[in-house]
Amino acid sequence: MTSAKPFLAPLFDRLADDTPDGMADDAAHWRHDVDDVIRSVQDELSRLLNSRRGTLQHAHPLSVIDYGVEDWSAFALTSPQQQHRVERQIAEVIRHFEPRVSEPQVRLVPLPGQSQRLGVQISGRLAGHPSLPPVVFINTALDALPA
């Protein structure tokens, strides 16, 4: 998009060194452009959606021990009510655990010819940058159990 790198890389991205023989300690490595930030958010959303939290419902606000999403393997995701529940839950954990995404929009969509799978689309805006257009962060598939 642009050669300017106005964003400071997240702490974990700065600590994780993908090139141990390179110059990762260089301060320029700690700066991100919009494309870098989008990739970083996509990576974090992937980690979030691939992590499962415990099944106990807590009366307190979400904390680090609640990182991840419920295990959906017992849900009949063919039911519109269950699909909306999963969409709401994904949006909630994104709002809580990925603050770089504002206005997260989550949609589960049927995949043509694949009755046991659903597509998940996650879009939103980069927080603090309302002039940037909405971004599609994830567009992938989930397995669904028959009703």
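Mapping of the sequence shown onto the numbering used here: residues 903 to 1049, in sequence order. C-beta: ideal position from N, C-alpha, C; glycine also.
For Gln985, no pairing in a beta bridge is given by DSSP. DSSP places Leu1028 in the strand class (E or B) of the three-state scheme. Judged by pairs of C-beta atoms under 8 Å, the region 1024-1037 does not touch the region 978-987, as fewer than three such pairs exist.
Residue pairing from DSSP places Ser1004 in a beta bridge opposite Arg1027. Under the DSSP definition of a beta bridge, Val971 partners with Arg954. A straight line joining the alpha-carbon of Arg1009 with that of Gly1021 spans about 8 Å.
A residue is called buried when at least 16 other Cβ atoms come within 10 angstroms of its Cβ; Ile996 meets this threshold and is buried. By the criterion of a C-beta distance shorter than 7 Å, Val1038 is surrounded in its chain by Gln1023 and Ser1025, once the five residues flanking it on both sides are discounted.
Beta-bridge pairing by DSSP links Val1038 to Ser1025.
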